[in-house]
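Going by the working numbering, the first residue of the sequence shown is number 1466, and it counts up by one from there. Even glycine gets a Cβ: it sits at the ideal position worked out from N, Cα and C. Below is one structure, written out as structure tokens; the observations come after it.
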Amino acid sequence: MTLAALVLSLTLMPPLLLWDMGKPGRVSRGKYGLPGRRFARRVSRKICRFLVTDAHLCVRYPHWICAAALILTAAGITAFVIRGTDTAARGSEDSVYGHIEFEGGFLAGEVDRLLATYSETLAEKKGIKNVQTGARTGTGSVLISFDSKLIDSGGVRQIARSISIPGGFLFFPETSTKERYWEITISGDDDRRLRELAAELARLCGTVPMIRECVLNFKEGGKNITLTPKRDIFSKSGLTFYQAADTLRRAIHGPVAYKKMTSSGEVDVRVRTRDSFISPNNDGRDMLRKNDIPEMIFTSPNSDLLPLRADIVMDFQEGQELSSIRREDRRRTASITVSTRPVDPRRVKAELEKIFMKLELPAGYSIEFDTEAIRKSQELTETFFYFLLVLIFCYMIIASVNESFSLPLAVLAAIPPSLAFPAIFLVVSGGSFNSAAACAFVAVSGMAVNAAVLCASGLEHFLKAENGEKVLSLYRALRNRLPALCATTATSVAGSLPFLLLRENSNILVRTLSLVAALGVGASAFCSITVVPALALIINRLRRQFFLWKGISACAESDA
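So this is what it looks like as structure tokens:
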């Protein structure tokens, strides 16, 4: 785009500027020409007075101006270090995804019934457009679509949490503008031991002030009963384990024989063995209970033996199934998720390492804090190194064009304070340094260089003038460059302002780019007429003193 603008400015603009030259004509002043001219003159006088004051300060107190720029730069760097990088991916702009957990083994039909009632209540709230739910055994999901003009994602989450779900826990895994989620993984060999350690770790992390919420990324499965046959009794009775297992299956589940289609719907016809289904404590119930299974009766093929109870021929042991098994690098893992405010993940890791040391891990077990977030944070920090390389390359180009080694220093000195002001404002407003801010800072750096070069190119007469004429020379140089500087700055800021009016969920990337661009361009224009002349004057004085000292030294050596 920059190259295209350069080509068009050298080809199309000259003919357009020369289009009306030489043509006689009278310019109409219009009805409001006189008040408009008065207003323009008043603004022009104020700008001229400001330039005179600026010229006096740059000539008389250049060291103070440079010191103020250094302080502003240091404040910007400090703000960045305090806030840190933000590597979280942005969620959807008009929808929120939630995960709902129930007890292990909770029937999918019951989950669907509860979520249907929940979605009806939620859909009646203001700003909610649509609610989609999904039900599975022991878990469910909800996708909430909303109107970003009426409500933001934070308000949707708060409304969704305010509606209770019986027996369910609602969790939003997606990041928002006020929350960040980090995953902590424990690796080992035994699943049950891993889950015990993860639960203990979640309890310890809950005591850290910066941790807002801890969520276990696993849960116990449905309850089960394990039946182990007693081989000696089975062999004496002649009863086979297949016959016993088939009897239990038919008594508990009742396999479907066929489906009966009626006008009211489908009917499953199941077959159950009556003798094994009825137990002494059944009392005519249609479904078995857990305590009825040991009392079930098995008929032995050996006619000499009486019917046997299930608890005589089998050992019963109650337990719970594993809802899921996770493996990473051929090792089993269990993880938890902690939520914090937007903060650098390396700072969260440093705070939680004290907690990790309190957890007694068996031999061969290890804890890892969100390796993906740490990697992205390090990559984002490394962009500053590439930024320094870009500045060095810009210095080489400006030095070769202007045939000067000192002028590029004054030009590039306007970049740090220009970036410091939006950095401070971004941190104070609750933002952080992410990929969008990095792109915006790169764009602002280019605009700051353009503004600084525009002002520095007219300082030749100012640097060569005598001490009594420096103020007037600097005033004239700035006044000649001010129209072009104001035009470039005003167009850049005006192009960024409309995007700042977008709501929070409209487009976070565009809003961040617009905010940093508007503040950075305005700061670069101010630094171009203050920092650049002051630093150029200091460098020029130091160079003169150096050449003077060198000349005196050469004269002293020749006299000797």
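Name the two residues that bound the continuous beta strand (DSSP E) containing Phe1634.
Here residue 1634 refers to the residue found at position 169 when the sequence shown is read from its first residue. Segment Phe1634 to Phe1636, the beta strand (DSSP E) holding Phe1634.
Using DSSP with H/G/I as helix, E/B as strand and the rest coil, what is Ala1709?
Counted from its first residue, the sequence shown places residue 1709 at position 244. Helix, per DSSP.
Output needed for Pro1963: all residues of its chain with C-beta closer than 7 Å, excluding positions within five of it in sequence on either side, in chain order.
Taking the sequence shown and counting its residues from 1, one reaches residue 1963 at position 498. Result list for Pro1963: empty, nothing under 7 Å.
Taking just the CA atoms, how far does Ala1902 sit from Asn1915?
The residue you call residue 1915 lines up with position 450 of the sequence shown. The residue you call residue 1902 lines up with position 437 of the sequence shown. Their Cα atoms are separated by approximately 20 Å.
Whole angstroms are fine: how far does the CA of Pro1887 sit from the CA of Leu1980?
The residue labelled residue 1980 in the question sits at position 515 within the sequence shown. The residue labelled residue 1887 in the question sits at position 422 within the sequence shown. Whole-angstrom Cα-Cα distance: 8 Å.
Touch check for the stretch 1598-1611 and the stretch 1663-1679: three-plus C-beta pairs under 8 Å?
Contact between the stretch 1598-1611 and the stretch 1663-1679 is absent, because fewer than three Cβ pairs lie under 8 Å.
Grouping DSSP H, G and I as helix and E and B as strand, with all else coil, what is Pro1810?
Looking up residue 1810 in the sequence shown gives position 345. If DSSP states are grouped into helix, strand and coil, Pro1810 belongs with the helices.
Can you find at least 3 beta carbon pairs, one from the stretch 1829-1847 and one from the stretch 1672-1689, that sit closer than 8 Å?
The stretch 1829-1847, when compared against the stretch 1672-1689, does not touch it at the 8 Å Cβ threshold.
Less than 9 Å between the beta carbons of Gly1563 and Ala1600, yes or no?
Sequence index remark: in the sequence shown, residue 1563 carries index 98 (1-based). Sequence index remark: in the sequence shown, residue 1600 carries index 135 (1-based). Not a contact, by the Cβ cut-off of 9 Å.
Could you tell me the distance, in whole angstroms, from the CA atom of Gly1987 to the CA atom of Leu1854?
On the sequence shown, residue 1987 is found 522 positions in, with the first residue counted as 1. On the sequence shown, residue 1854 is found 389 positions in, with the first residue counted as 1. Near 25 Å, if we compare the C-alpha coordinates of Leu1854 and Gly1987.
When you compare the CB positions of Thr1705 and Phe1699, do they come within less than 9 Å of one another, or not?
Taking the sequence shown and counting its residues from 1, one reaches residue 1705 at position 240. Taking the sequence shown and counting its residues from 1, one reaches residue 1699 at position 234. In this structure, Phe1699 lies closer than 9 Å to Thr1705 by Cβ.
Ala1799 lies in the beta strand (DSSP E); which residues open and close that run?
Locating residue 1799 in the sequence shown gives position 334, where the first residue counts as 1. Looking at the DSSP string, the run of the beta strand (DSSP E) that includes Ala1799 is Arg1796 to Thr1805.
Please classify Phe1504: does DSSP put it in a helix, a strand, or coil?
For this step, residue 1504 is matched to residue 39 along the sequence shown. Helix, per DSSP.
Could you check which residue in Gly1603, Glu1639, Ser1641 and Ser1560 has the C-alpha nearest to that of Ser1613?
Position 148 of the sequence shown, counted from the first residue, corresponds to residue 1613. Nearest of Gly1603, Glu1639, Ser1641 and Ser1560 to Ser1613, Cα basis: Ser1560.
So, under 8 Å CB-CB, Thr1604 and Ile1630 are touching, yes? Tell me the CB distance rounded to an integer number of Å.
Within the sequence shown, numbered from 1, the residue matching residue 1604 stands at position 139. Within the sequence shown, numbered from 1, the residue matching residue 1630 stands at position 165. About 12 Å; that fails the 8 Å criterion.
Output the residue ranges of the alpha helix (DSSP H) runs that lie fully inside the stretch 1894-1956 and measure 4 residues or longer, sorted by chain position.
Within the stretch 1894-1956, the complete alpha helix (DSSP H) runs of at least 4 residues are 1900-1921 and 1925-1929.
So, for Val1778: in the same chain, excluding its five sequence neighbours on each side, which residues have a beta-carbon less than 8 Å away from its beta-carbon?
Position 313 of the sequence shown, counting from 1, holds the residue named residue 1778. The residues are Pro1694, Lys1695, Ile1698, Phe1699, Ser1702, Leu1704, Ala1709 and Phe1763.
Can you look up Asn1747 in the DSSP assignment and give me helix, strand or coil?
One-based indexing of the sequence shown puts residue 1747 at position 282. Low local confidence applies: a pLDDT of 47 at Asn1747 is under 50, so the model's placement there is unreliable, and no value is given.
Go ahead and pull the three-state DSSP assignment for Ile1676.
By 1-based counting over the sequence shown, the position of residue 1676 is 211. Ile1676: coil per DSSP, three-state reduction.
Leaving out five residues on either side along the sequence, give the residues of the same chain with a beta carbon under 7 Å from the beta carbon of Arg1961.
Working through the sequence shown from its first residue, we reach residue 1961 at position 496. For the sequence presented, residue 1961 should be read as Ser rather than Arg. So the list reads Ser1979, Ala1982 and Ala1983, once near-sequence residues are dropped.
If I follow the unbroken alpha helix (DSSP H) through Ser1618, where does it start and stop?
Here residue 1618 refers to the residue found at position 153 of the sequence shown. Start and end: Ser1618 to Ser1627.
Three-state secondary structure (DSSP) at Asn1756?
The residue given as residue 1756 occupies position 291 in the sequence shown. The answer is helix: DSSP assigns Asn1756 an H, G or I state.
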